[in-house]
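The structure under discussion appears below in the form of structure tokens.
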Amino acid sequence: MLLDEDPATLIHHTIGNFNIQPDKLAVTRINESLATLQQSRELRIKEAEAALRKLSRNLKALETSHEETVAAHDPAKHAAKIIELDTQKFRIAKAASELEIESERLESELEMLKERLAELEAQGLEGDETARREREADDATMYALRLAYTGFRDLQVANWSFHCRLRLKIYRSLGIDVEADENGNYHKAIIRNSRKGDVHVVNIDPKFSRFFYANYFWQTMQG
0 MLLDEDPATL
10 IHHTIGNFNI
20 QPDKLAVTRI
30 NESLATLQQS
40 RELRIKEAEA
50 ALRKLSRNLK
60 ALETSHEETV
70 AAHDPAKHAA
80 KIIELDTQKF
90 RIAKAASELE
100 IESERLESEL
110 EMLKERLAEL
120 EAQGLEGDET
130 ARREREADDA
140 TMYALRLAYT
150 GFRDLQVANW
160 SFHCRLRLKI
170 YRSLGIDVEA
180 DENGNYHKAI
190 IRNSRKGDVH
200 VVNIDPKFSR
210 FFYANYFWQT
220 MQG
């Protein structure tokens, strides 16, 4: 009878009838897949942890750099530096503008000088007729002034000769009057500048030369 057989034998025959070999192979493959997945997961976790540690180090370095930058930054100095740079910028711009204006002025002056040079070259060494006449008149006046003064001290004599009167006339024509002291010595000259309406009084000192006073009178008259 069935119940009279050994239970182990019955179980063994029952297992054989189930044919569990394919299931065992499937379980083995599943276990291998799980092991592979576990290894892959652990590897990815390690890589993520390494990347996290690297990012943490970078973050720490950036935080340290930021703290140092904030500690070193002085808002007041920064504002002062900005103001200084703005001031320098305005000064440079002003200097550049002034240089540009000066350059334009010099260019205009250069053009005028070139035109004047061309005129002088066209006129020659003697210049035009008007300039030549003015130069001759000035030379004649200066010569007459010096000639008159060469005998200025001779006016101290009591004899009013023709030459003395001529010199006095030349002086007056040039706007110069001479005065004598109590002894009849001519020691003072009054120079009038008709163009400016000025009057200059010059005390004649014997220690200065005649040439000095002639030049001084001439410069005073020219004003």
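Under numbering that gives the first Met the number 0, residues 0 to 222 are what the sequence shown spells out, in order.
C-beta: ideal position from N, C-alpha, C; glycine also.
Using the Cβ count rule (16 or more neighbours within 10 Å means buried), how would you classify residue i?
i    : result
A95  : exposed
F207 : exposed
A75  : exposed
R166 : buried
A7   : exposed
F216 : buried
A121 : exposed
A213 : buried
Which of helix, strand or coil does DSSP assign to residue i?
i    : result
N202 : strand
D85  : helix
N30  : helix
R238 : Since the first residue of the chain shown is 0 and the last is 222, residue 238 is not available in this structure.
I175 : strand
H72  : coil
D22  : helix
So residue i and residue j are supposed to be a Cβ contact under 8 Å. How far apart are they, rounded?
i    : j    : result
K187 : V200 : 7 Å
For residue i, which residues in the same chain have their Cβ closer than 8 Å to its Cβ, ignoring the five residues on either side in sequence?
i   : result
A78 : none
Residues in the same chain with beta-carbon distance under 7 Å from residue i, minus the five sequence neighbours each way, listed in chain order, please.
i   : result
I14 : none
Please return the same chain residues whose Cβ sits closer than 6 Å to the Cβ of residue i, not counting the five positions on each side in sequence.
i    : result
I175 : A188 and I190
E99  : none
V156 : Annotation note: pLDDT 44 at V156 (below 50); position unreliable, coordinate value reported separately. Contacts found: none.
Report the option in the options whose CA atom is closest to the CA atom of residue i.
i    : options                   : result
L173 : A179, D180, T219 and P205 : T219
A179 : I203, K168 and R90        : I203
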